[in-house]
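Down below is the structure, laid out as structure tokens.
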Amino acid sequence: MKKPREADLYAPVKGYLSRQGYDVKGEVGACDVVACRGDEPPLIVELKLGFSLALFHQGIARLAVTDLVYVAVPHNTGKPFQRALVDNVALARRVGLGLITVRLRDGHVVVHADPVPYAPRKSKKKAQRLLRAFERLQGDPNEGGATRHGIVTGYRQDALRCARFLAVHGPSQGAKVKAWAEVPTATRIMADNHYGWFSRVSRGIYDLTDAGRKGLADFGDLGG
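Here you go:
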């Protein structure tokens, strides 16, 4: 099977644009494809055999010439390409580029995104979730990255406070741990037992497991 070349993308892209009424020429200056239609600004397409940072760098550089800039790659089958396509369409939209794929076996062209200014939609729910996680985290245990224990979350810090209370006071009611350890979700954390640190000895009463004592030893330097 012949190895694909960037030139294999040119004819399908030219044909597609020509059907839209453009006059199309290849290798104009530094641009792979330039298309003109009447008095409209020129349209530029950069061709590559796959997604890369260099492809997006090229496309962004062409935005100094015109707002109508596309990047084009061969369309492939398989889940890895489909995942990459979704991610790269999102990236193209964020930097104001259009994105085209070309099915090389028959020249089928699909425009996945047109070049328009990116206007991100803010998610109030995500912002609130981020602020809750920030407020819940005591101190700055991750110091800009993972500790030797991995990323420390507010949930783990709450679990550590519950574990410390049980280590000192022994089996206790969830409500007591909640009040004395100052962990509002203490009962839920001990019932879910995400880390294997807690066991329910009777209704509403929890104790520390051997894994919990080991967790306290391993994570004792994290504070919280």
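With the first letter of the sequence shown counted as 1, position 20 gets the number 366 in the numbering used here; the numbers rise by one all the way through. We put the beta carbon where it would ideally sit given N, CA and C, even for glycine.
Check the Cα spacing between D538 and each of Y501, A479, A513: the tightest is with Y501. The beta-bridge partner set that DSSP reports for A418 consists of L393, I446.
Each of G550, P350, D504, W543 was checked against the Cα of P530, and the nearest Cα belongs to D504.
Counting along the chain, the unbroken alpha helix (DSSP H) around I406 starts and ends at 399–408.
The stretch 555–565 and the stretch 515–529 do not touch, with fewer than three beta-carbon pairs separated by less than 8 angstroms.
If you compare the alpha carbons of P350, I446, F402, V415 with that of V455, the shortest gap goes to I446.
Within the DSSP secondary-structure output, F544 pairs in a beta bridge with L554. In the structure shown, Q519 falls within a strand segment according to DSSP collapsed to helix, strand and coil. For H421 and P463, the gap between their C-alpha atoms comes out near 25 angstroms. Restricting attention to K472, I406, L506, A430, the CA atom closest to the CA of L483 is found in L506. For E481, the secondary structure class from DSSP, reduced to helix, strand or coil, is helix. Under DSSP, C382 takes part in a beta bridge, and its partners are D369. Note on geometry: alpha-carbon atoms of P358 and G453 lie some 5 angstroms from one another. The bridge partners DSSP lists for H458 come to none. Here V417 is buried, its C-beta having at least 16 other C-beta atoms within 10 Å.
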